[in-house]
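Comments concern the structure below.
Protein chains: 2
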Amino acid sequence: MSLSMSTVAMQSFLQTLNALSKILDKAKAHCAAKKIDEAVLLQTRLTPDMFAFVRQVQLACDFAKNTIGRLTGEPPKFPDDEKSLDDLKARIARTIDYVKGFKDADIDATAEKDVTFPIGPQNTMTLEGAQYVIAFALPNFYFHATTAYDILRQVGVEIGKRDFLGRT
Amino acid sequence: MSLSMSTVAMQSFLQTLNALSKILDKAKAHCAAKKIDEAVLLQTRLTPDMFAFVRQVQLACDFAKNTIGRLTGEPPKFPDDEKSLDDLKARIARTIDYVKGFKDADIDATAEKDVTFPIGPQNTMTLEGAQYVIAFALPNFYFHATTAYDILRQVGVEIGKRDFLGRT
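Line order of the protein sequences matches chains A and B. The first sequence begins at 0 in numbering that gives the first Met the number 0 and counts up by one. The second sequence begins at 0 in numbering that gives the first Met the number 0 and counts up by one.
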């Protein structure tokens, strides 16, 4: 018995992106209650040499979009121009729509397809679709989604792991 | 085409646990260079109402051990008594050995098996093996592994995402 590529990739991305969108609602309420400028929150980092919150959310979206896009062809480019939590929610929604635009069969057919993808600014790597998802896409996707969550915890947004798992 | 349960679960856990063990080597060197008491590092948190570093590593290990254990039977209990980074490396090694102790076929047979697992202190949930891994085990596992990494970044350990991905 086995898992389909669409279950592993699409379901993982959709569950956590939907959870992240609801987490941003709680971040919005927190900013309103505490009079925090959303533009400041978007630039908040765990430490100066890590990406800001806005970039963590953009990257979580991009690992979902680019994974599905590269498995099936060429991913679209989304501009990195979000200025507010609503903008970030719109990017998540656009990413979810993009992922949902594929049929399960489109993704299921890619387990053994060679996928070439950039790693860092200058290099590329080629892996079979299944390995691309397991060894690269999911760890990166969860890394940025978790770090976005961790930044919100550190600034006091009232969320717990149930929110991250989408079980609220 | 599809992925085997063993690829999705065992490979994901082993890649990131091996990466985490090497990250702890860099944390050890950082503590020695900066004269940081490892016992203090183990109790460091992103914010007071999140788990300390030691617990994040224990939980990453436990989501790997308990997932493989529940898919196949009953997981062993590991005591939560680590006092140093070497103790945590030993726990990771013990977890890796436990996961490696199963044959791929043992795990591959569990995609449709009902798995009942605790959520929170009082409740349980039952999911088919494949859903248990995708919807619950992997998000939890990566959540704690990433948060452990994020704590180390915040205290200044010189690591990057390549370390998290095990590509160093």
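A virtual CB, placed ideally from N, CA and C, is assigned to each residue, including glycine. Quantities reported herein were computed from a predicted structural model and do not represent experimental measurements.
Interface annotation for the segment 132-145 of chain A against chain B: V132, I133, A134, F135, L137, P138, N139, Y141, F142, T145, criterion Cβ-Cβ distance under 8 angstroms. DSSP places V114 (chain B) in no alpha helix (DSSP H) but in the uninterrupted beta strand (DSSP E) bounded by 113-118. Residue contact with chain B for F101 (chain A): absent (no Cβ-Cβ distance below 7 angstroms to any residue of chain B). For the pair of segments examined, the segment 153-160 of chain B was found to touch the segment 32-52 of chain B: the number of CB pairs separated by less than 8 angstroms reaches three. In the DSSP annotation of this structure, L45 (chain B) is not part of any beta strand (DSSP E), being labelled neither H nor E. Secondary structure in the segment 2-45 of chain A: the alpha helix (DSSP H) runs of 4 residues or longer, each lying completely within the stretch, are 11-33, 37-41 in chain order. For L126 (chain B), the uninterrupted beta strand (DSSP E) segment begins and ends at 122-127.
Residue burial annotation: P138 (chain B) is buried, with at least 16 other C-beta atoms found within 10 angstroms of its C-beta. Residue state for T94 (chain A) is assigned as helix, using DSSP reduced to three classes. In terms of CA proximity to T115 (chain B), B:R69 leads the group B:L13, B:I95, B:R69.
Neighbours of Q10 (chain A) in chain B, taken as residues whose beta carbon is under 9 angstroms from its own, are Q130, I133, A134 in chain order. Residue burial annotation: K27 (chain B) is buried, with at least 16 other C-beta atoms found within 10 angstroms of its C-beta. Look at the segment 14-44 of chain A: the residues with a C-beta under 8 angstroms from a C-beta of chain B are Q14, T15. At a cut-off of 7 angstroms between C-beta atoms, L164 (chain A) counts as an interface residue with respect to chain B. In its chain, beyond the 5 residues on either side, A38 have a beta carbon closer than 7 angstroms to the beta carbon of K82 (chain B). Shortest Cα-Cα distance from I67 (chain B) to any of B:D48, B:D85, B:K88, B:D103 involves B:D103.
The beta carbon of A129 (chain B) lies closer than 6 angstroms to those of A110 in the same chain, with the five residues before and after it left out. For the 7 angstroms CB-CB criterion, D149 (chain B) and T146 (chain A) form a contact. The beta carbon of L58 (chain A) sits no closer than 7 angstroms to any beta carbon of chain B. Residues of the segment 85-114 of chain B with a C-beta atom less than 9 angstroms from some C-beta of chain A are D107, A108, T109, A110, E111, K112, listed in chain order. Here DSSP, grouped into helix, strand and coil, assigns G68 (chain A) to helix. D149 (chain B) reaches chain A at L45, T146, D149, counting residues in chain order whose Cβ is nearer than 7 angstroms. Y131 (chain A) and Q55 (chain A) have their C-alpha atoms roughly 20 angstroms apart. Non-local C-beta neighbours of A51 (chain B) in its own chain, meaning closer than 6 angstroms and more than five positions away in sequence, comprise Q42, R44, ordered along the chain.
Within chain B, the residues whose beta carbon sits less than 7 angstroms from that of T6 (chain A) are A129, I133, listed in sequence order.
Here F135 (chain B) carries a helix assignment [DSSP, helix/strand/coil]. Between I106 (chain A) and A8 (chain A), the C-beta spacing is below 7 angstroms. Less than 7 angstroms divides the Cβ of Q10 (chain A) from the Cβ of I133 (chain B). Annotation: L164 (chain B) is outside any alpha helix (DSSP H) and is labelled neither H nor E by DSSP.
One thing to note: H143 (chain B) has its Cβ within 7 angstroms of the Cβ of A59 (chain B). Annotated three-state conformation of K82 (chain B) is coil, per DSSP.
Not flagged as an interface residue toward chain B: L70 (chain A), since no C-beta distance is shorter than 7 angstroms. Excluding sequence positions up to five before and after R90 (chain B), its CB lies within less than 8 angstroms of the CB of V56, Q57, C60, F77, E81, all in the same chain and listed in chain order.
The three-state secondary structure of F101 (chain B), taken from DSSP, is coil. The three-state secondary structure of F77 (chain B), taken from DSSP, is coil.
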